[in-house]
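Reading through the structure tokens given below for one structure.
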Amino acid sequence: MRTLAVAVLLLSGCVQHWGRVGAETVVSREAALEIRAPAGWVRSLVPEDVLSFTRDGPGIQLLVCGARELDRAFPALERGADESLLPSELAELALGELKTRAGLSVIEVLGSEPAKLAGRDGFRLYVRHTDASGLRFDSLLWGVVDGERYLRAWYRAPTLHYFERDRVAVERSVATFRAHR
Amino acid sequence: MRALALAVIAAGFVACHTAAEPAPFELSPALDELDPAERRVWSSARRTAQMIERIGGVLPDPELEAYATDILTALFPEFAGALRVRVLAQPVVNAITLADGSIYLFTGVVARMENEAQLAAVLAHEGVHFTHRHAYGDRAHARAPLTDSTRRRGRDQEREADRLGLERLVAAGYAPGEAVRALEHLVEIEELYGAEFQGSQATHPASVRRVEDLAALAALHAQEGRTAEAEYLRRTARARVAGIEEGLARFDHRFVLLELEDGVAANAYPRHVDYFLGEAYRLRGEEGDEALAEAAYLRAVERSPAFPRAHRALGRHYLKRGRPELAARHLRRYLALAPDALDRAFVEANLEGIEGGPP
Chain A
34 MRTLAVAVLL LSGCVQHWGR VGAETVVSRE AALEIRAPAG WVRSLVPEDV LSFTRDGPGI
94 QLLVCGAREL DRAFPALERG ADESLLPSEL AELALGELKT RAGLSVIEVL GSEPAKLAGR
154 DGFRLYVRHT DASGLRFDSL LWGVVDGERY LRAWYRAPTL HYFERDRVAV ERSVATFRAH
214 R
Chain B
18 MRALALAVIA AGFVACHTAA EPAPFELSPA LDELDPAERR VWSSARRTAQ MIERIGGVLP
78 DPELEAYATD ILTALFPEFA GALRVRVLAQ PVVNAITLAD GSIYLFTGVV ARMENEAQLA
138 AVLAHEGVHF THRHAYGDRA HARAPLTDST RRRGRDQERE ADRLGLERLV AAGYAPGEAV
198 RALEHLVEIE ELYGAEFQGS QATHPASVRR VEDLAALAAL HAQEGRTAEA EYLRRTARAR
258 VAGIEEGLAR FDHRFVLLEL EDGVAANAYP RHVDYFLGEA YRLRGEEGDE ALAEAAYLRA
318 VERSPAFPRA HRALGRHYLK RGRPELAARH LRRYLALAPD ALDRAFVEAN LEGIEGGPP
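For the protein sequence lines, the chains are A and B, in the order given. Quick note: the first sequence uses our numbering, first residue 34, plus one each step. Quick note: the second sequence uses our numbering, first residue 18, plus one each step.
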């Protein structure tokens, strides 16, 4: 009985963290960000300074949009960003951050190109890694310097079946990403 | 030093628990000769090894693996086949041994060692961790927080590995003083990374003290012996460059500068080595580093004109400093030398910005 109660608590705890998204634009008041989520996805309801969305569960695909103060733009590298950086240099910092967080996992770069985010010029990185269980994931990462903040969007899904299936919806959504500060 | 990589491996390095100190192996044990508890520790180590393979952490360098394994066989002939070496592409000056005899050498340690005898000293130390079943003996302390007792135990094991490793080194015909030099490289790293490094080495005795102890032991032996510097530099060339590249990719300019600012060490690298040095100055970003970086990039282009990334670096450097003609010249050269570069679109955008049209 006690085990059952714990299981119910855990289960309900998980369910409460995510909520259905309608057609409206989702806003983070803490971070002054907004985005129109991919249709039919759910969003994280945990109050935080990033907006997180998934369709089939965060262990499958995940779209995260957020902002960091410029001087703490790349915390794992202990480095900031500034307006003087070329978009390609910003992309290298983002890749370094990924590699540092990934430890021994190899991050394979499949593409790196100029891209806009929130109306600003930045980069779009396309990378692949294999997790400890042996599952391959593809990721897209966008980043720009916007005044005093580094804005980023990150989409990750298994290479098999999911990444390409949801990519177009994610890119459409990321194109609506806006910052208000 | 960023200790993230070490944490990943540590999960397999330390495992479960028993009380008595295990006796050293006399010969290579077969898995079915081990008691069930030790077999579980080995299985855990093998799962860790498989995980490292899956995530792509191992540098594909079979020649270096064979070279290091041959050195290990000379050091531990009775354990031939039981000890295996893999190389991890990380700018970490360290090596790790799993319970089953899998030894992982980080490219950082390969880069900092100056000759075969120094690498042999590292491998002899790591091999003793296996023959003396340190990982199995550690299982009592696996998931517990570090205490004085576990720290002491770890330090005792390190001293034992230093002492017995030195005996193996001498028996295999290497110069004993090189073991001391190898440990001195660790002191340099401690000084460079300070508290960051100390955190990852909490179970190790202070390296300065270890150097003193090892030097006293080494002095008891005849000092002559093999060093095999040229052979070492040739066989490790690829791994050393991989370590530098990973260091730069993770914005760790400290390791790269330590390795390359010494002109003697830099001579062991390819002709375009000054590109790496220039990148390290750029990443450090202190006063005067822009000029140091530019000079290093120029040297790289002089010495190795067909190395693409030195041209890209110069192109960016001039682009950001208002010298568009020079920037365009080097960026065009980069694209000509690396037509399939993954960042081609960035460079084309730079050229478009300079010249007002497609390159």
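Where a beta carbon is used, it is the ideal one built from N, C-alpha and C, also for glycine. The model shown is predicted, which means the values in this text are computed figures rather than measured ones.
- Annotated three-state conformation of I120(B) is strand, per DSSP.
- From the beta-carbon of T192(A), no residue of chain B is found nearer than 9 Å; the closest lies around 14 Å away.
- The segment 284 to 292 of chain B makes contact with the segment 312 to 325 of chain B: 3 or more CB pairs, one atom from each, lie closer than 8 Å.
- Taking every protein chain shown into account, the CB of L275(B) has 16 or more other CB atoms within 10 angstroms, so this residue is buried.
- Nearest CB-CB separation between T58(A) and chain B: not below the 7 Å threshold.
- Closest by C-alpha distance to L76(B), out of F96(B), A106(B), A83(B) and T86(B), is A106(B).
- DSSP, reduced to helix, strand and coil, places A148(A) within a strand of the structure shown.
- G332(B) and A323(B) do not touch by the CB rule: their CB atoms are close to 16 Å apart, not below 8 Å.
- Here L78(A) is exposed: its Cβ has fewer than 16 other Cβ atoms, across all protein chains shown, within 10 Å.
- One alpha carbon belongs to D306(B), the other to Y298(B), and they sit about 5 Å apart.
- Taking a C-beta distance under 7 Å as the contact criterion, L348(B) and N367(B) qualify as a contact pair.
- A straight line joining the alpha-carbon of D199(A) with that of L96(A) spans about 10 Å.
- Residue burial is scored here from C-beta neighbours: T58(A) has fewer than 16 other C-beta atoms within 10 angstroms and is therefore classed as exposed.
- What I120(B) touches in chain A, judged by beta-carbon distance under 7 Å, is nothing: the nearest beta carbon there is about 15 Å away.
- Taking a contact as a CB-CB distance under 8 Å, the pair Y159(A) and L173(A) counts as one, their CB atoms being some 6 Å apart.
- Counting of Cβ neighbours within 10 angstroms places A128(B) among the buried residues, the total reaching 16 or more.
- Remark: C-beta atoms of A114(A) and A212(A) do not approach each other more closely than 7 Å.
- Under the DSSP assignment, S224(B) falls in the alpha helix (DSSP H) whose first and last residues are S224 to A235.
- Between L136(B) and A62(B), the alpha-carbon positions lie close to 23 Å from each other.
- From the listed residues W51(A), W175(A) and F170(A), the smallest Cα separation to G90(A) is found for W51(A).
- Across the set I371(B), D279(B), L181(B) and F272(B), the C-alpha of F272(B) shows the shortest separation from the C-alpha of T124(B).
- Among the residues of chain B, those whose CB is under 7 Å from the CB of V139(A) are I72, G73 and G74, following chain order.
- DSSP lists G99(A) and G176(A) as the beta-bridge partner residues of R185(A).
- Neighbours of A62(B) in chain A, taken as residues whose beta carbon is under 8 Å from its own, are absent, since the nearest beta carbon is some 15 Å off.
- Pairing G144(B) with H202(B), the inter-Cα distance amounts to about 19 Å.
- The three-state reading of DSSP puts E304(B) in coil, since its state is none of H, G, I, E or B.
- Interface with chain B (7 Å Cβ-Cβ cutoff): K132(A) is included.
- Only residues of its own chain outside the window of five on either side were considered, and among them R161 have a CB closer than 6 Å to the CB of E141(A), listed in chain order.
- If you draw a straight line from the Cα of V204(B) to the Cα of V139(B), it comes to about 14 Å.
- Cα atoms of G180(A) and A196(B): separation of roughly 53 Å, rounded to the nearest angstrom.
- One finds nothing in chain A with a Cβ atom closer than 7 Å to the Cβ of D306(B); even the nearest lies about 15 Å away.
- Of all residues in the segment 362 to 375 of chain B, only A362, F363, V364, A366 and N367 place a beta-carbon less than 8 Å from a beta-carbon of chain A.
- In the DSSP annotation of this structure, the continuous segment of the alpha helix (DSSP H) that includes W59(B) starts and ends at P53 to R71.
- In this model, R226(B) and L200(B) are separated by some 10 Å (Cα to Cα).
- Note that the segment 63 to 82 of chain B does not touch the segment 168 to 183 of chain B; fewer than 3 beta-carbon pairs, one per stretch, sit closer than 8 Å.
- Taking the Cα positions, C98(A) is about 54 Å away from F42(B).
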